[in-house]
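K.L.:
According to the working numbering, the stretch in the sequence shown is residues 2 to 174, in order. I have a structure I would like to understand better, so I am pasting it below and will then ask my questions one at a time.
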Amino acid sequence: KAEFGKQWYQRRVRGLEHLYLSNNRIASVDTPPPCPKLVTLDLRHNQIEEMTSLLPLAQLKTLSLSGNRLSSISPDLFPPSLTFLGLYGNRIERLDDITRSIQPLSELETVYVGANTCFGGLPLRASFRVQVVSGREEGEAKRQKCEEVGLEGILRVIKECRPSLVCIDGNEV
2 KAEFGKQWYQ
12 RRVRGLEHLY
22 LSNNRIASVD
32 TPPPCPKLVT
42 LDLRHNQIEE
52 MTSLLPLAQL
62 KTLSLSGNRL
72 SSISPDLFPP
82 SLTFLGLYGN
92 RIERLDDITR
102 SIQPLSELET
112 VYVGANTCFG
122 GLPLRASFRV
132 QVVSGREEGE
142 AKRQKCEEVG
152 LEGILRVIKE
162 CRPSLVCIDG
172 NEV
(Lines of atoms letter the chains of each structure in order from A and count residues from 1; the text may use other names and numbers.)
(Lines give C-alpha, C1' and ligand atoms only; values in the text may rest on other atoms or scores of the structure.)
Protein backbone atom coordinates (compact mmCIF):
# COMPACT_ATOMS: atom_id res chain seq x y z
CA LYS A 1 0.00 0.00 0.00
CA ALA A 2 2.84 2.42 0.80
CA GLU A 3 4.44 1.69 -2.59
CA PHE A 4 1.17 2.52 -4.35
CA GLY A 5 1.03 5.84 -2.47
CA LYS A 6 4.60 6.70 -3.47
CA GLN A 7 3.96 5.85 -7.14
CA TRP A 8 0.76 7.91 -7.16
CA TYR A 9 2.57 10.88 -5.62
CA GLN A 10 5.49 10.67 -8.07
CA ARG A 11 3.13 10.44 -11.04
CA ARG A 12 1.09 13.43 -9.84
CA VAL A 13 4.17 15.59 -9.16
CA ARG A 14 5.80 14.67 -12.47
CA GLY A 15 2.64 15.73 -14.33
CA LEU A 16 2.32 19.05 -12.45
CA GLU A 17 2.11 22.08 -14.78
CA HIS A 18 1.42 24.98 -12.37
CA LEU A 19 2.97 25.38 -8.92
CA TYR A 20 2.03 28.33 -6.71
CA LEU A 21 4.16 28.72 -3.58
CA SER A 22 3.90 32.44 -2.85
CA ASN A 23 3.93 33.72 0.74
CA ASN A 24 5.42 30.56 2.26
CA ARG A 25 8.61 31.94 3.85
CA ILE A 26 10.80 29.86 1.55
CA ALA A 27 14.41 30.92 2.11
CA SER A 28 16.21 29.10 -0.70
CA VAL A 29 15.62 26.92 -3.73
CA ASP A 30 18.29 24.24 -3.43
CA THR A 31 16.96 22.04 -6.21
CA PRO A 32 14.32 22.61 -8.85
CA PRO A 33 11.02 20.82 -8.28
CA PRO A 34 10.94 17.38 -9.96
CA CYS A 35 8.28 18.51 -12.40
CA PRO A 36 9.42 18.17 -16.03
CA LYS A 37 6.07 19.49 -17.35
CA LEU A 38 6.05 22.59 -15.15
CA VAL A 39 4.92 25.70 -17.07
CA THR A 40 4.29 28.14 -14.18
CA LEU A 41 6.32 28.53 -10.99
CA ASP A 42 5.16 31.26 -8.61
CA LEU A 43 7.58 31.92 -5.74
CA ARG A 44 6.57 35.54 -5.08
CA HIS A 45 6.80 37.09 -1.62
CA ASN A 46 8.98 34.53 0.08
CA GLN A 47 12.41 35.07 1.65
CA ILE A 48 14.54 33.57 -1.11
CA GLU A 49 18.14 34.78 -0.97
CA GLU A 50 19.74 32.06 -3.08
CA MET A 51 18.62 29.61 -5.67
CA THR A 52 20.03 26.89 -7.84
CA SER A 53 19.68 26.70 -11.59
CA LEU A 54 16.20 26.09 -12.92
CA LEU A 55 17.56 24.94 -16.31
CA PRO A 56 16.15 21.41 -15.81
CA LEU A 57 12.64 22.93 -16.02
CA ALA A 58 12.77 23.03 -19.82
CA GLN A 59 9.02 23.69 -20.25
CA LEU A 60 8.86 26.61 -17.79
CA LYS A 61 7.22 29.71 -19.33
CA THR A 62 6.32 31.84 -16.29
CA LEU A 63 8.61 32.40 -13.32
CA SER A 64 7.62 34.84 -10.57
CA LEU A 65 10.33 35.67 -8.03
CA SER A 66 9.15 39.17 -7.12
CA GLY A 67 9.29 40.29 -3.50
CA ASN A 68 12.14 38.08 -2.39
CA ARG A 69 15.68 38.80 -1.16
CA LEU A 70 17.78 37.89 -4.19
CA SER A 71 20.84 40.15 -4.33
CA SER A 72 22.40 38.66 -7.45
CA ILE A 73 21.38 36.47 -10.36
CA SER A 74 23.37 34.75 -13.10
CA PRO A 75 22.81 33.72 -16.73
CA ASP A 76 22.73 30.01 -15.91
CA LEU A 77 19.80 30.39 -13.52
CA PHE A 78 16.80 30.56 -15.85
CA PRO A 79 15.63 28.17 -18.61
CA PRO A 80 15.57 29.71 -22.12
CA SER A 81 11.89 28.76 -22.48
CA LEU A 82 10.74 31.64 -20.20
CA THR A 83 8.30 34.16 -21.68
CA PHE A 84 7.64 35.96 -18.36
CA LEU A 85 10.14 36.70 -15.58
CA GLY A 86 9.20 38.57 -12.42
CA LEU A 87 12.16 39.91 -10.41
CA TYR A 88 10.44 43.06 -9.09
CA GLY A 89 11.25 44.13 -5.53
CA ASN A 90 14.30 42.00 -4.82
CA ARG A 91 17.72 43.25 -3.72
CA ILE A 92 19.56 42.82 -7.01
CA GLU A 93 22.51 45.19 -6.82
CA ARG A 94 23.76 45.32 -10.41
CA LEU A 95 21.90 46.13 -13.61
CA ASP A 96 24.60 44.04 -15.36
CA ASP A 97 23.33 40.95 -13.49
CA ILE A 98 19.85 41.56 -14.86
CA THR A 99 20.93 42.16 -18.44
CA ARG A 100 23.35 39.21 -18.50
CA SER A 101 20.66 36.93 -17.03
CA ILE A 102 17.94 37.80 -19.50
CA GLN A 103 20.16 37.91 -22.59
CA PRO A 104 20.05 34.12 -23.24
CA LEU A 105 16.26 33.98 -22.77
CA SER A 106 15.28 33.99 -26.44
CA GLU A 107 11.54 33.54 -25.76
CA LEU A 108 11.28 36.26 -23.07
CA GLU A 109 8.54 38.82 -23.76
CA THR A 110 7.84 40.36 -20.35
CA VAL A 111 10.16 41.14 -17.46
CA TYR A 112 9.55 43.01 -14.18
CA VAL A 113 12.77 44.30 -12.61
CA GLY A 114 11.93 47.60 -10.87
CA ALA A 115 12.26 48.29 -7.15
CA ASN A 116 15.58 46.45 -6.95
CA THR A 117 18.65 47.84 -5.17
CA CYS A 118 20.26 48.75 -8.51
CA PHE A 119 17.34 51.14 -9.10
CA GLY A 120 17.46 52.58 -5.59
CA GLY A 121 14.52 50.36 -4.63
CA LEU A 122 12.24 52.47 -6.84
CA PRO A 123 9.69 51.28 -9.40
CA LEU A 124 10.40 52.11 -13.05
CA ARG A 125 8.06 55.01 -13.85
CA ALA A 126 8.12 57.98 -16.20
CA SER A 127 9.80 60.21 -13.58
CA PHE A 128 12.39 57.54 -12.76
CA ARG A 129 16.06 58.61 -12.61
CA VAL A 130 18.87 56.61 -11.10
CA GLN A 131 22.64 56.60 -10.96
CA VAL A 132 23.89 53.45 -12.61
CA VAL A 133 27.35 52.31 -11.61
CA SER A 134 29.06 49.94 -13.98
CA GLY A 135 32.50 48.59 -13.24
CA ARG A 136 35.07 46.40 -14.85
CA GLU A 137 38.36 44.97 -13.82
CA GLU A 138 41.47 46.33 -15.50
CA GLY A 139 44.63 44.90 -14.02
CA GLU A 140 44.69 45.63 -10.32
CA ALA A 141 42.44 48.67 -10.44
CA LYS A 142 38.68 48.61 -10.79
CA ARG A 143 37.29 51.41 -12.95
CA GLN A 144 33.77 52.57 -12.30
CA LYS A 145 31.54 54.66 -14.46
CA CYS A 146 28.62 56.42 -12.84
CA GLU A 147 25.90 58.08 -14.87
CA GLU A 148 22.39 59.28 -14.26
CA VAL A 149 19.89 57.43 -16.40
CA GLY A 150 16.17 57.96 -16.84
CA LEU A 151 13.44 55.46 -17.58
CA GLU A 152 14.06 55.55 -21.33
CA GLY A 153 17.76 54.77 -20.81
CA ILE A 154 17.05 51.79 -18.57
CA LEU A 155 14.40 50.43 -20.94
CA ARG A 156 16.84 50.82 -23.86
CA VAL A 157 19.65 48.99 -22.03
CA ILE A 158 17.35 46.09 -21.12
CA LYS A 159 15.74 45.93 -24.57
CA GLU A 160 19.14 45.92 -26.30
CA CYS A 161 20.23 42.81 -24.43
CA ARG A 162 16.95 40.97 -25.17
CA PRO A 163 15.30 42.29 -28.36
CA SER A 164 12.29 39.95 -28.06
CA LEU A 165 10.98 41.90 -25.04
CA VAL A 166 7.65 43.65 -25.54
CA CYS A 167 7.03 44.73 -21.93
CA ILE A 168 9.38 45.89 -19.16
CA ASP A 169 7.70 46.68 -15.82
CA GLY A 170 4.41 47.40 -17.57
CA ASN A 171 6.08 49.71 -20.13
CA GLU A 172 5.62 48.61 -23.73
CA VAL A 173 8.91 48.69 -25.62
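Beta carbons: idealized from backbone N, C-alpha and C, even for Gly.
Closer than 8 Å, CB to CB, is Arg101 near chain C or not?
P.N.:
Absent from the structure: chain C. Only one protein chain is present.
K.L.:
Spatial neighbours of Tyr113 within its chain, please: C-beta separation below 7 Å, excluding the five flanking residues on both sides.
P.N.:
The residues are Ser67, Gly87, Leu88, Tyr89 and Asp170.
K.L.:
For the putative contact between Leu20 and Thr41, defined by C-beta atoms under 8 Å, what is the C-beta separation to the nearest angstrom?
P.N.:
Contact holds; Cβ gap of about 7 Å.
K.L.:
Evaluate Cys168 with the Cβ neighbour count: other Cβ atoms within 10 Å of its Cβ, from every protein chain shown; 16 or more gives buried, anything less gives exposed.
P.N.:
Flag for Cys168 reads exposed.
K.L.:
As a quick exercise: from Asn24, Ser29, Cys119 and Ser75, pick the residue whose alpha carbon is nearest that of Pro105.
P.N.:
Comparing Cα-Cα distances from Pro105 to each of Asn24, Ser29, Cys119 and Ser75, the minimum goes to Ser75.
K.L.:
DSSP beta-bridge partners for Asn173?
P.N.:
The sequence given here has Glu at residue 173, not Asn. For Glu173, which the question treats as bridged, DSSP gives the partners Cys168.
K.L.:
Would you grab the beta carbon distance between Asn117 and Arg92 for me? Rounded to a whole angstrom, and I think it's under 8 Å.
P.N.:
Sure, about 7 Å apart at Cβ, within 8 Å.
K.L.:
Mind reading off the beta-carbon distance from Leu39 to Leu71? Whole number of angstroms is fine, and I expect it under 8 Å.
P.N.:
Rounded, the Cβ-Cβ distance is 20 Å, inconsistent with contact.
K.L.:
I believe Asp98 touches Ser65 by the beta-carbon criterion, under 8 Å. Please report the beta-carbon distance rounded to the nearest angstrom.
P.N.:
With a Cβ gap of about 18 Å, Asp98 and Ser65 do not count as contacting.
K.L.:
Closest to Arg12 by C-alpha separation, out of Pro37, Phe120, Phe85 and Gly121, would be which residue?
P.N.:
Nearest C-alpha to Arg12: Pro37.
K.L.:
Buried or exposed: where does Gly121 fall if 16 or more other Cβ atoms within 10 Å of its Cβ makes it buried?
P.N.:
Under this definition Gly121 is an exposed residue.
K.L.:
So, helix, strand or coil for Glu161, using DSSP?
P.N.:
Residue state, collapsed to three classes: helix.
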